[in-house]
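**Student:** Quick one: the structure is below, and I'll ask about it shortly.
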Amino acid sequence: MSTLKLQPLVKTAISSQEEYDANAQTIVEVIRQASQAQAKDVITAVKKAIKDKHVDPPSKLRALELFDQCMMTSNVNFLSFAQKKIMSRLTILGRHRKQSANPDRGNDIFGPMSTSSPGNQDASKRFLVLLLNRIQAWALAYGMGPDGKPSQYYVSYNTLTKEGVHFPNPQNRSQSVNIPALNSQNYQHSLPSPSPPSARHSISHPQPSQRQKEKPISEFKTEVDSMLNFFSEITQYPEDERETLDDIAKNLDKTQKEIANRINTAVNSGDDIGAGELLELNDRITSALETYKNLKKGSDSEQEVDEDIVASRPLQGPAPGMSSNPNNAALEKELQDLRNENKTLRNAMQLREQNSVDKSQLAKLQAEINKLKKEKEDLRVQLAERDQQIQNLSGKVQPRVNPEIQLRVGQEEAKSPKKGKEPDPYDSMSSDSSEDEALVNNIEFYKKCNRKSKGILYENQDVQIGIQVAKSNDQVVGMIYIGNKSSDPITELITEVPDYSREGLTINVTPISSTNITPQGSQDNRRLNATSTRVTGTVPKMKIRIRQGHLKELSLNIPITLARFLECPEISLNEIFAQWERVASTNREISIKLQNPRPLKKIAKDLSFNGVFQILTSNEVSTFAANQLFGVSQKEKLIFVMAEVDEEKRMVRLACRCEIIELRNAIIQLLKEQLTEY
34 MSTLKLQPLV KTAISSQEEY DANAQTIVEV IRQASQAQAK DVITAVKKAI KDKHVDPPSK
94 LRALELFDQC MMTSNVNFLS FAQKKIMSRL TILGRHRKQS ANPDRGNDIF GPMSTSSPGN
154 QDASKRFLVL LLNRIQAWAL AYGMGPDGKP SQYYVSYNTL TKEGVHFPNP QNRSQSVNIP
214 ALNSQNYQHS LPSPSPPSAR HSISHPQPSQ RQKEKPISEF KTEVDSMLNF FSEITQYPED
274 ERETLDDIAK NLDKTQKEIA NRINTAVNSG DDIGAGELLE LNDRITSALE TYKNLKKGSD
334 SEQEVDEDIV ASRPLQGPAP GMSSNPNNAA LEKELQDLRN ENKTLRNAMQ LREQNSVDKS
394 QLAKLQAEIN KLKKEKEDLR VQLAERDQQI QNLSGKVQPR VNPEIQLRVG QEEAKSPKKG
454 KEPDPYDSMS SDSSEDEALV NNIEFYKKCN RKSKGILYEN QDVQIGIQVA KSNDQVVGMI
514 YIGNKSSDPI TELITEVPDY SREGLTINVT PISSTNITPQ GSQDNRRLNA TSTRVTGTVP
574 KMKIRIRQGH LKELSLNIPI TLARFLECPE ISLNEIFAQW ERVASTNREI SIKLQNPRPL
634 KKIAKDLSFN GVFQILTSNE VSTFAANQLF GVSQKEKLIF VMAEVDEEKR MVRLACRCEI
694 IELRNAIIQL LKEQLTEY
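Numbering-wise (my numbering), the sequence shown opens with residue 34 and increments by one.
Structure (structure tokens):
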């Protein structure tokens, strides 16, 4: 039995239930007395099956069941190898949708493979339930290592517990399990008293519209500490284990985006302490991701230096037949030589690290220079295009004082010439003229801001106006930035939003007016605060009066519509489509003509409103056609949107459903304006 080729046998055993019943017990019996090589073969085969995207969920479930049976044999070689080689990957899988208490949350743990059939979905749910149960059981059985330190089994369980993972059927931590030690000596397997699960571990079924409260900063700290501890441990593993870093890096990147949003909220609310703590967490994640990128590039120079730090030659021992007591003076000299060698190697390592940092900074600076050169060239091209547009409109090109410093101007300015006499470019812009200029067509800027919740609202050769907004509880908060590009200072600035309370929107701007001097290259800021009291499809406008020599007045669309008050729901795919069918009677369809062909990816960005709608395509739902996408959001009730793109006819067909008819009508109107080309 010991001559069996275990990797092929494991692959055969998990391929079907019949093969599993026929071969699983044979593998387990081999593992009871397995050598290191045999233990490695089984664990390697199990790990490949679990992470292989082409292995179906039922086979992955059987691989996990086989692994658990082998764990329960308590073979020392198997336990030691398993905690180093596979626990990190299993722990990452255990984090799947960790904030949800739904016992069926594992139904999509393996992505599209999980949702491709009812059988795969059921096996995926059972996989996560079994995995969490067994991580808990292994921690109870093998919590303390022979060196008196917590084992990786306990570390994995305690990490998931601190991160708020909901474990099914929590076990009594006081029970004792008599399992043989992980080495040849007997020792007591005691669990290092993990913190008992709190009430959050009890299973509950939240309503689809329920939204979790904003995560406290302390929870961010716990989550980041846990992930970075895992990250630090895995970087010490052999090279064949480092593929698990990809998953950890994805989680770190996701958490960093959440922290970035919270930083904006903290800054806007004046919470300097909270913003400082979040910035520190952001820096730690950035440092870890830089390390990850270096590892991906195959840069192992640090490891090579670490290996060289040890003594480059052994201490000279006594020659055969001589006394075993070495000469003390010779030994001292030998030790001093080794210390000098190690000091030199340490200095070399530090110098190499510094050179690496310098090279990295130099590369970043060079990339920034190249980027600026490209932007400069793009600006020259845009300037030439604008000159041509003005020539087409007026019959002549206006002269310029210094083309090198002219910045880009939106197409709206070229297509909508200013009323009245155009001032001579050589005249002083600081005259006491009271000429007013009104501009209302910033629709393309407005639509771009809808896609990202931030961006440029308007720009010409004199000013640049930007905005950034974010939802905070039941309000929308934001900042308006008015930057001066002209050599003439801004001496007065007035910002007003009309009264939209009848439409259900209340928008406050502070301060309304200021007479601060804003020189070239500087900016003035305004804070925004908005609430929604009822459903409306209104697109609000902001009036901005700028005195820059003479008075200019702008009327701009601002992206604080009903869409900003929606939320992306946390709901399973099955529940999404069940609700979609349930509200079929509320279906409303419209068609939107496109002037130019637009790929599905760009339409998805328009409909997403920067993550307000959860967007699904054929990548997530195999039954969708390549030209279809589906979105779901919520405000009191779920809102559904189905879009189908006809590239030949250059048309988008939208279907919208919602139990609240006013909400459906308002949203479909906003989506239509977002997709319509002007």
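Ideal Cβ positions, reconstructed from N, Cα and C, are used throughout, including at glycine.
To the nearest angstrom, report how far apart E160 and E408 are at their CA atoms.
**Tutor:** Correcting the residue identity first, residue 160 is Phe in this sequence and not Glu. Near 51 Å, if we compare the C-alpha coordinates of E408 and F160.
**Student:** Are the beta-carbon atoms of L587 and T569 separated by less than 7 Å?
**Tutor:** Contact flag unset, no.
**Student:** According to DSSP, D316 sits in a beta bridge with which residue or residues?
**Tutor:** Looking at the DSSP assignment, D316 forms no beta bridge with any residue, so it has no partner.
**Student:** CA-CA distance, R295 and I250?
**Tutor:** Answer to the nearest angstrom: the Cα atoms are 9 Å apart.
**Student:** Since A688 sits in a beta bridge, which residues does DSSP pair it with?
**Tutor:** DSSP, once it has assigned bridges, lists E622, M675 as partnering A688.
**Student:** Sort P90, A156, T548, R621 by Cα distance to L704 and report the nearest one.
**Tutor:** Per the Cα distances, R621.
**Student:** Alpha carbons only, please: which of D557, T45, A134 is nearest the one belonging to I545?
**Tutor:** Here the closest residue by C-alpha is D557.
**Student:** Looking at L165 and G127, is the spacing between their C-beta atoms short of 7 Å?
**Tutor:** Going by C-beta atoms, G127 is nearer than 7 Å to L165.
**Student:** Go ahead and pull the three-state DSSP assignment for F143.
**Tutor:** Residue state, collapsed to three classes: coil.
**Student:** Does the beta-carbon distance from Q628 to E680 come in below 7 Å?
**Tutor:** No, they are not a contact pair.
**Student:** Can you give the Cα-Cα distance for D333 and Y479, rounded to whole angstroms?
**Tutor:** For D333, the predicted structure reports a pLDDT of 45, less than 50, and the residue's modelled location is therefore unreliable. The matter cannot be settled from this model.
**Student:** Pairs of beta-carbons, one from the segment 665 to 672 and one from the segment 591 to 609, closer than 8 Å: are there three or more?
**Tutor:** Output reads yes: the segment 591 to 609 touches the segment 665 to 672.
**Student:** Can you tell me which residues form a DSSP beta bridge with V542?
**Tutor:** For V542, which the question treats as bridged, DSSP gives the partners L561.
**Student:** In whole angstroms, give me the CA-to-CA distance for R122 and V88.
**Tutor:** Spanning the two alpha carbons is a distance of roughly 16 Å.
**Student:** Would the beta-carbon of A67 fall within 7 Å of that of N110?
**Tutor:** Yes, these two residues count as a Cβ contact at 7 Å.
**Student:** Under DSSP, the alpha helix (DSSP H) around K44 begins and ends at which residues?
**Tutor:** Its alpha helix (DSSP H) spans residues 39 to 46.
**Student:** Identify whether G127 lies in helix, strand or coil by the three-state DSSP scheme.
**Tutor:** Helix.
**Student:** Measure how close the beta-carbons of M120 and Y186 come, nearest whole angstrom, since I'm counting them as under 8 Å.
**Tutor:** About 7 Å separates the two Cβ atoms, so the contact holds.
**Student:** Do S618 and F646 have their C-beta atoms closer together than 7 Å?
**Tutor:** It is not a contact, given that the beta carbons lie outside the stated cut-off.
**Student:** Just to confirm, is the Cβ distance from N652 to V678 under 7 Å?
**Tutor:** Not in contact: N652 and V678 (Cβ atoms no closer than 7 Å).
**Student:** How about W171: is its C-beta nearer than 7 Å to some C-beta of chain C?
**Tutor:** Among the chains of the structure shown, chain C does not appear; only one protein chain is present.
**Student:** Please specify which runs of the beta strand (DSSP E), each continuous and at least 3 residues long, are wholly inside the segment 594 to 662, giving them in chain order.
**Tutor:** The qualifying runs are 621 to 626, 647 to 649.
**Student:** Identify whether N110 lies in helix, strand or coil by the three-state DSSP scheme.
**Tutor:** Three-state DSSP puts N110 in a helix.
**Student:** According to DSSP, is N517 helix, strand or coil?
**Tutor:** Looking at N517 - three-state DSSP - the assignment turns out to be strand.
**Student:** For the alpha helix (DSSP H) that contains M104, what are its first and last residues?
**Tutor:** Where M104 is concerned, the enclosing alpha helix (DSSP H) stretches over 90 to 104.
**Student:** So L538 and A503 are supposed to be a Cβ contact under 8 Å. How far apart are they, rounded?
**Tutor:** L538 to A503, Cβ: 17 Å. No contact.
**Student:** Tell me the DSSP secondary structure of G554 in three-state form.
**Tutor:** Three-state DSSP puts G554 in coil, outside helix and strand.
**Student:** DSSP on N475, reduced to helix/strand/coil?
**Tutor:** If DSSP states are grouped into helix, strand and coil, N475 belongs with coil.
**Student:** Assign E410 to one of two classes, buried (16 or more other C-beta atoms within 10 Å of its C-beta) or exposed (fewer than that).
**Tutor:** By the 10 Å Cβ count, E410 comes out exposed.
**Student:** For F114, which residues from the same chain have a beta carbon less than 6 Å from its beta carbon, with the 5 sequence-adjacent residues on both sides left out?
**Tutor:** Closer than 6 Å at the Cβ level, and outside the excluded window around F114, lie A72, K73, I76.
**Student:** Are the CB atoms of T106 and R65 nearer to each other than 7 Å?
**Tutor:** Yes, they are a contact pair.
**Student:** I'd like the list of long-range same chain contacts for S463, defined as Cβ closer than 7 Å, with 5 residues on each side in sequence excluded.
**Tutor:** At S463, the pLDDT of 37 sits below 50, so the modelled position is not reliable; the number obtained from the coordinates is stated separately. The residues are D521, G582.
**Student:** Applying the 10 Å Cβ sphere with the 16-neighbour rule, what's the burial state of K86?
**Tutor:** Exposed: under 16 other Cβ atoms inside 10 Å.
**Student:** Looking only at DSSP bridge pairs, what is Q581 linked to?
**Tutor:** Answer is H583, bridged to Q581.
**Student:** Which whole-angstrom value describes the C-beta separation of S92 and S48, a residue pair presumed to lie in contact below a C-beta threshold of 8 Å?
**Tutor:** Going by Cβ atoms, the distance from S92 to S48 rounds to 6 Å, so yes, they are a contact pair.
**Student:** Between the alpha carbons of E256 and T551, how many angstroms are there, rounded?
**Tutor:** When rounded, the distance between both Cα atoms is 43 Å.
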